[in-house]
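Numbering (the working numbering), first residue to last: 8 to 135. All C-beta atoms, glycine included, are put in the ideal place defined by N, C-alpha and C. Just so it is clear, the structure is predicted and the values come from calculations on it, not from any experiment.
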């Protein structure tokens with residue numbers, strides 16, 4: 008049975024494609040160039056981290072019970088909502104206070120990737 012993070016990764020990736028198409032077709036000309044770029048950054052980072060969630064789910068299948076992978080998945084989820092979500096709201100509403108939330112999502116992304124690396128790092132063999 009595939010891990011639920013794999014399903015979430017696929018859903019977030021599908022949503023990133025839909026949001027990207029929405030931005031390209033419905034928002035072009037309605038947002039300033041700068042705000043459209045902010046929106047596109049949110050979409051791009053959502054896709055990157057959706058793929059990261061796919062990886063977490065596939066790795067979790069091989070390393071069942073690894074808490075680092077569980078936390079990595081949680082952090083990538085949080086990063087998508089905080090980083091990409093704040094950029095979507097910022098670009099669509101102009102509410103600049105959300106710019107303060109975006110770095111928290113970035114930190115969640117970094118921590119998630121570091122936990123993935125830690126979970127995959129080879130363990131030392133006992134010398135006998």
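Contact fails between the segment 56-68 and the segment 98-111, because fewer than three Cβ pairs, one in each stretch, are under 8 Å apart. Between residue 70 and residue 125 a beta carbon distance of about 11 Å is seen, past the 8 Å cut, so the two are scored as non-contacting.
Residue pairing from DSSP places residue 38 in a beta bridge opposite 35.
Closest in alpha carbon position to residue 15, among 24, 58, 50 and 129, is 58.
By alpha-carbon distance to residue 55, the top candidate from 97, 91, 102 and 101 is 91. Under the three-state reduction of DSSP output, residue 129 falls in the coil class, being neither helix nor strand.
Nearest C-alpha to residue 50 among 122, 97, 73 and 26: 26.
Judged by DSSP secondary structure, residue 13 falls within the alpha helix (DSSP H) whose first and last residues are 11-29.
Here the C-alpha atom of residue 37 lies approximately 20 Å from the C-alpha atom of residue 23. Annotation for residue 91: no alpha helix (DSSP H) segment contains it, and DSSP assigns it neither H nor E. With a cutoff of 8 Å on beta-carbon distance, residue 86 and residue 115 are scored as near each other.
Here residue 74 is exposed, its C-beta having fewer than 16 other C-beta atoms within 10 Å.
In the structure shown, residue 101 falls within a coil segment according to DSSP collapsed to helix, strand and coil.
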